[in-house]
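This report refers to the structure that appears directly beneath it.
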Amino acid sequence: MTGRVEQAESHFGQAGPFTETVLLGVIAQQNPDTELEWDSKGMKFKGRADLDALVKRDYAKGWKYKIDS
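The sequence shown finishes on residue 68 if you use numbering that gives the first Met the number 0, and the numbering steps up by one all the way, no holes.
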């Protein structure tokens with residue numbers, strides 16, 4: 000097979016934010032009657048470090064993930 004693909008068939012620019020919204024909904028359901036404020040650029044909850052642990056994880060030695068700002 001030859002050719003050039005300019006963009007993936009699944010549009011990650013749409014899928015990423017959609018997945019983020021769904022997963023934040025799961026966290027919100029686990030914290031009923033609680034107002035949560037989400038910082039989408041920082042990828043964390045404002046004033047809730049306990050919930051931030053549900054969003055990010057530690058990677059195995061030699062692996063890292065960088066969020067472009």
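Glycine included, C-beta positions come from ideal geometry on N, C-alpha and C.
Exposed unless 16 or more other CB atoms sit within 10 angstroms - verdict on residue i
i: Phe11; result: exposed
i: Phe17; result: exposed
Interface flag, residue i vs chain C, CB-CB below 8 Å
i: Glu34; result: No chain C appears in this structure, which consists of one protein chain only.
Where the alpha helix (DSSP H) through residue i begins and ends
i: Glu19; result: Phe11 to Gln28
i: Leu50; result: Ala48 to Asp51
Nearest residue (CA-CA) to residue i, options the options
i: Tyr64; options: Met42, Pro31, Leu22 and Arg47; result: Met42
i: Thr33; options: Ser39, Lys40 and Phe44; result: Phe44
Can at least three beta-carbon pairs, one atom from the stretch 47 to 54 and one from the stretch 23 to 35, be found at a separation below 8 Å?
yes
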